[in-house]
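2 protein chains.
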Amino acid sequence: MRDHGADAKVFKAFCDVNRLQILELLRSGEKCACVLLENLKIGQSTLSYHMKILCESGIVVSRIEGKWTHYKISEEGSEYALKLLQTLTQRETVSSDCCSCESQSHHG
Amino acid sequence: MRDHGADAKVFKAFCDVNRLQILELLRSGEKCACVLLENLKIGQSTLSYHMKILCESGIVVSRIEGKWTHYKISEEGSEYALKLLQTLTQRETVSSDCCSCESQSHHG
DNA sequence: TCAACATATCAATAATTTTCGATATGTCAG
DNA sequence: CTGACATATCGAAAATTATTGATATGTTGA
């Protein structure tokens, strides 16, 4: 049985337009927060908020270097999300029931 | 340039625990709304709301049969989401800049 | 140490999403 | 046609998420 709460957290990264834009910026490589900020129409604290969600999803990882925090897309996290998505949408493989192709219903 | 709004819609399917539970139920095959309702702790109108979001994401498709609406996971929609996730997290491939591995920043 | 800076966190508000009950729509059996 | 049923839609309320400005934390260079 899956932990839906944890799974949902992963995909939270992708269901907000600001976060998608941040990911788009990160696709060209690691960026520090100030560069992201320059390219978005949001405030500093809002960026920080979204970066926290992105990091918690595992899709983004951060690296602090002195005053600056650098963010990049995590290959590991991305692969995990990909596998998870696959699992969540894949037909359940239960050894016993393999060929029942009809809709399950409690009527007729 | 991607349509972040449209992309976000796809992943909305996966960032709510009720919807993840619905998907889990659908993994074993097509189900009618009443069967889903029996297996969830939500009301009928709430289920209808979530099914709409799932259908709009393209991950689920519905089929009306008389009084009943049957839902199932769309293979096509799932594949699309998978490809999309891949794209969104993949390193951007720009012909000119191929080997710049350093963090982009406007300082130092 | 101090001032300037980068980022995180906090508390309040705004905006959005979710839930619920009531009702509308459409189907079927009688 | 009528009544029972399945599902969708609506409006209001509840819950959650996003945004903002203020402030805290930590770094750097003078």
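Going line by line, the protein sequences match chains A and B. First residue of the first sequence: 1, per this note's numbering; consecutive thereafter. First residue of the second sequence: 109, per this note's numbering; consecutive thereafter. Glycine residues also receive a C-beta, built at the ideal position from the N, C-alpha and C atoms.
Local conformation of residue i per DSSP, three classes
i	result
ILE53/A	helix
THR195/B	helix
GLY5/A	helix
Chain-ordered neighbours of residue i on chain A, where CB pairs are closer than 7 angstroms
i	result
THR177/B	Correct list: empty, because the minimum Cβ distance to chain A is about 11 angstroms.
GLU164/B	Ordered by position in chain A, no residue passes the 7 angstroms Cβ test against GLU164/B, which lies about 12 angstroms from the chain.
Per-residue contacts from residue i into chain B (C-beta, under 8 angstroms)
i	result
LEU20/A	ARG110, HIS112, ASP115, ALA116, LEU196
LEU40/A	Within 8 angstroms Cβ-Cβ: nothing; LEU40/A doesn't reach chain B, min ~12 angstroms.
LEU37/A	Going along chain B, no residue has its Cβ under 8 angstroms from LEU37/A, so there is no contact; the nearest lies around 10 angstroms.
SER62/A	Chain B residues near SER62/A: none, gap ~11 angstroms exceeds 8 angstroms.
SER45/A	Neighbours of SER45/A on chain B: none; closest Cβ ~20 angstroms, over 8 angstroms.
Proximal chain B residues relative to residue i, where beta-carbon distance stays under 7 angstroms
i	result
ILE59/A	THR197
SER78/A	THR197
Contact under 8 angstroms by Cβ, residue i with residue j
i	j	result
ILE130/B	LEU145/B	no
HIS178/B	ASN126/B	no
CYS123/B	ALA33/A	no
VAL104/B	ILE181/B	As displayed, chain B neither begins before 109 nor continues past 216, which places residue 104/B out of reach and without an answer.
LEU162/B	ALA121/B	yes
ASN91/A	ARG135/B	Looking at the sequence itself, residue 91/A is Arg, so the reference to Asn does not match. Yes, the Cβ-Cβ distance between ARG91/A and ARG135/B is below 8 angstroms.
CYS133/B	LYS139/B	According to the sequence provided, residue 133/B is Leu. The question's Cys does not apply to it. Contact flag set, yes.
LEU190/B	LEU82/A	yes
THR197/B	SER57/A	no
LEU193/B	LEU47/A	no
Any C-beta of chain B under 8 angstroms from that of residue i
i	result
LYS12/A	yes
Test: residue i CB closer than 8 angstroms to a CB of chain A
i	result
SER156/B	no
Partners in chain A for residue i, counting only beta-carbon separations shorter than 9 angstroms
i	result
LEU190/B	LEU82, LEU85, GLN86, THR89
Beta-carbon neighbours of residue i, restricted to chain A and to distances below 8 angstroms
i	result
ILE181/B	THR89, ARG91
Problem - alpha helix (DSSP H) runs contained entirely in the stretch 8–78 of chain A, provided each spans 4 or more residues - result: 17–26, 33–38, 44–57
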